[in-house]
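Q: Counting along the sequence shown from 1, when you hit position 79 you're at 92 in the working numbering, and nothing is skipped either side.
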Amino acid sequence: MGDTDFVSFHSRMSRGDGVTAALCLIVMVLLSWLSHPTPLEAAQAQNLATAATGDCAACHGGDAMVPADHAATKGLTLPQCLSCHKGNDPELINTMPLSHAHQLSGVTCTKCHGETQPPAAVTTKTCVVCHPIADLIEKTKTIKEGYPHNSHYGPNLACEKCHHAHKKSEVYCNQCHSFDFVVPSPILKPAGKTAPAVRKGAPAEQKKP
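1. Is the beta carbon of LEU149 sitting closer than 8 Å to the one on SER118?
2. Which of the three DSSP states, helix, strand or coil, is assigned to SER191?
3. For a test of the three-state rule: what should DSSP assign to GLU164, helix, strand or coil?
4. Taking buried to mean at least 16 other C-beta atoms within 10 Å of its own C-beta, is PRO131 buried or exposed?
5. So the candidates are PRO145, THR136 and HIS162; which of them puts its Cα closest to the Cα of HIS177?
6. So for GLU183, helix, strand or coil by DSSP?
7. Spatial neighbours of PHE192 within its chain, please: C-beta separation below 7 Å, excluding the five flanking residues on both sides.
8. Could you have a look at PRO103 and say whether DSSP puts it in helix, strand or coil?
9. Who are the Cβ neighbours of HIS179 in its own chain at under 7 Å, not counting the five residues just before and after it?
10. So, are the CB atoms of PRO161 and THR155 less than 8 Å apart?
11. Is it the case that the Cβ atoms of ASP68 and LYS87 are separated by a distance below 8 Å?
12. How would you label HIS49, buried or exposed, when you count the other beta carbons within 10 angstroms and need 16 or more for buried?
13. I'd like the list of long-range same chain contacts for GLU104, defined as Cβ closer than 7 Å, with 5 residues on each side in sequence excluded.
14. With distances taken between CB atoms, is the gap from ALA62 to THR121 smaller than 8 Å?
15. Use the C-beta contact count for LEU47: other C-beta atoms within 10 angstroms, 16 or more gives buried, fewer gives exposed.
16. Using beta-carbon positions only, say whether ALA65 and CYS72 come within less than 8 Å of one another.
17. Could you tell me if SER182 is buried or exposed, where buried requires 16 or more neighbouring beta carbons within 10 angstroms of its beta carbon?
18. For GLY127 and LYS138, I'd like the C-alpha separation in whole angstroms.
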């Protein structure tokens, strides 16, 4: 709100026109709010496919994404992150989005989304190229509360039901259950395959064994 706006507002108040002044104030506050990004909007990252690994500022601008005393992240890879953050470190598996874990592992945006505009949606068919269902069942079979990759839904529940690339993941099962296990970023090593680029907006097909 500018100086002239305050003068007008106080002038109205001094004339006893409280209702009009209050309405003016509400309108001014709304206009001011609309003309500035909200904290959520300010923190909204750009989806910049060309960003270097660990270059937080490329997508997040000046928003602080790691503590001030954190080591420089630009150019880091996931193995380097894991040299300090162990595989079960809550600071890593609870906060690092799936997309970031992929990027730090050398899996670029276009590997899964293709080079089309808008980017193609990623489905289970894309995920299982690098993360075969059989491997996921084996690696998570020790979770005491249940078998997330081979539940009563069977082994074919869509990956995106739990794993979200650009927002916090969720335990899909908790629509009915109350499990405590965390759906982490995929910090497990892929099975030595590279996801093919998606073309013409279609999801990548699973390779034949």
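Backbone N, C-alpha and C fix where the C-beta goes; we use that ideal spot for every residue, glycine too.
Predicted, not measured: the structure shown is a model, and the values here were computed from it.
A: Taking the geometry as given:
1. As a position in the sequence shown, residue 149 is number 136, starting the count at 1. As a position in the sequence shown, residue 118 is number 105, starting the count at 1. Not in contact: LEU149 and SER118 (Cβ atoms no closer than 8 Å).
2. Residue mapping note: residue 191 aligns to position 178 of the sequence shown, counting from 1. DSSP places SER191 in coil when its eight states are reduced to three.
3. Taking the sequence shown and counting its residues from 1, the one referred to as residue 164 is at position 151. With the sequence shown as reference, residue 164 is identified as Ser, and Glu is not the correct amino acid for it. Looking at SER164 - three-state DSSP - the assignment turns out to be strand.
4. Along the sequence shown, one-based indexing puts residue 131 at 118. When all chains shown are included, PRO131 counts as exposed.
5. Walking along the sequence shown from the start, residue 177 turns up at place 164. Per the Cα distances, THR136.
6. The sequence position of residue 183 within the sequence shown is 170, counting from 1. Shown here, GLU183 sits in coil according to DSSP, grouped into three states, outside any helix or strand.
7. In the sequence shown, residue 192 corresponds to position 179, counting from 1. Closer than 7 Å at Cβ, skipping near neighbours: GLU158, GLY159, VAL184 and CYS186.
8. As a first step, residue 103 must be located in the sequence shown, where it is residue number 90. Residue state, collapsed to three classes: helix.
9. Translated into the one-based positions of the sequence shown, residue 179 becomes position 166. Answer for HIS179: PRO110 and SER112, listed in chain order.
10. As a working mapping, residue 161 is identified with position 148 in the sequence shown. As a working mapping, residue 155 is identified with position 142 in the sequence shown. No; because the gap between Cβ atoms is not below 8 Å, this pair is not in contact.
11. Residue mapping note: residue 68 aligns to position 55 of the sequence shown, counting from 1. Residue mapping note: residue 87 aligns to position 74 of the sequence shown, counting from 1. In contact: ASP68 and LYS87 (Cβ atoms closer than 8 Å).
12. The residue given as residue 49 occupies position 36 in the sequence shown. With a pLDDT of only 43 at HIS49, under 50, the local geometry of the prediction cannot be trusted, and no value is derived from it.
13. Here residue 104 corresponds to residue number 91 of the sequence shown, with the count starting at 1. Around GLU104: HIS98.
14. Numbered from its first residue, the sequence shown carries residue 62 at position 49. Numbered from its first residue, the sequence shown carries residue 121 at position 108. Closer than 8 Å, so yes.
15. Taking the first residue of the sequence shown as 1, we reach residue 47 at position 34. Summary for LEU47: the model assigns pLDDT 47, below 50, so the residue's position carries little reliability, and this model does not support an answer.
16. Start at 1 with the first residue of the sequence shown, and residue 65 comes out as number 52. Start at 1 with the first residue of the sequence shown, and residue 72 comes out as number 59. Against a cut-off of 8 Å, the Cβ pair of CYS72 and ALA65 comes out as no contact.
17. Against the sequence shown, residue 182 aligns to sequence position 169. The residue is buried, with at least 16 neighbouring Cβ atoms inside 10 Å.
18. Here residue 127 corresponds to residue number 114 of the sequence shown, with the count starting at 1. Here residue 138 corresponds to residue number 125 of the sequence shown, with the count starting at 1. Computed Cα separation, rounded: 14 Å.
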